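Peer 1:
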Amino acid sequence: MRCFAAAVHNPASAVYLGLVGISVVIAATEPLWSDHGGESLIWVWPAFFTSPTFFFVVPVAEAVWGLDLPAWSLIGGIIVSALIQSLVLGLLLEALRGWRRRHAHPYGG
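So for the sequence shown, my numbering puts the first residue at 196; every next one is plus one.
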């Protein structure tokens, strides 16, 4: 439960997950409002926001399903990557707050 709190219950992780979520929603709805029927590289943005972990999760999926990956596995890879990076971001923020508390000036300055 502590890992979940570190992954989503801090401002940095919330902003990051919001950014990834917005990019996924825009990429998923792009075929509805574009003239070219979704034949663009818009899915590069969610992959970019979740890199570098996305580039480690996708080869695992390719090893399981082969090179013909279903679309949901790529979206699942984006979600897993975003949650991993959000967790790391939350743990880093928590560690920095702890370091700041330990090294605070004793006179409040």
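Don't be surprised by glycine CBs; every beta carbon is placed ideally from N, CA and C. Model, not experiment: these values are computed from the prediction.
Using 8 Å as the cut-off, can you tell me whether the segment 269 to 277 makes contact with the segment 213 to 220, which would need three or more C-beta pairs spanning the two stretches below that distance?
Peer 2: Segments in contact, yes.
Peer 1: What alpha helix (DSSP H) runs, 4 residues minimum, are completely inside the segment 218 to 261?
Peer 2: The qualifying runs are 239 to 244, 249 to 260.
Peer 1: Check whether the segment 275 to 294 and the segment 243 to 250 are in contact - that is, three or more C-beta pairs closer than 8 Å.
Peer 2: The segment 275 to 294 vs the segment 243 to 250: in contact.
Peer 1: Within a Cβ cutoff of 7 Å, which residues of the same chain sit near Leu288, ignoring the five residues on either side of it in sequence?
Peer 2: As a first step, residue 288 is located in the sequence shown; it is residue number 93 there, counting from the start. Closer than 7 Å at the Cβ level, and outside the excluded window around Leu288, lie Asn205, Ala207.
Peer 1: I'd like to check one pair, Ala222 with Trp240: are the Cβ atoms closer than 8 Å?
Peer 2: Working through the sequence shown from its first residue, we reach residue 240 at position 45. Working through the sequence shown from its first residue, we reach residue 222 at position 27. Cβ distance < 8 Å, so Trp240 and Ala222 count as in contact.
Peer 1: Measure the alpha-carbon distance for Gly261 versus Trp238 and round it to whole angstroms.
Peer 2: As a position in the sequence shown, residue 261 is number 66, starting the count at 1. As a position in the sequence shown, residue 238 is number 43, starting the count at 1. Each residue's alpha carbon lies about 20 Å from the other.
Peer 1: If you draw a straight line from the alpha carbon of Ile279 to that of Glu234, how long is it in whole angstroms?
Peer 2: Position 84 of the sequence shown, counted from the first residue, corresponds to residue 279. Position 39 of the sequence shown, counted from the first residue, corresponds to residue 234. Their Cα atoms are separated by approximately 29 Å.
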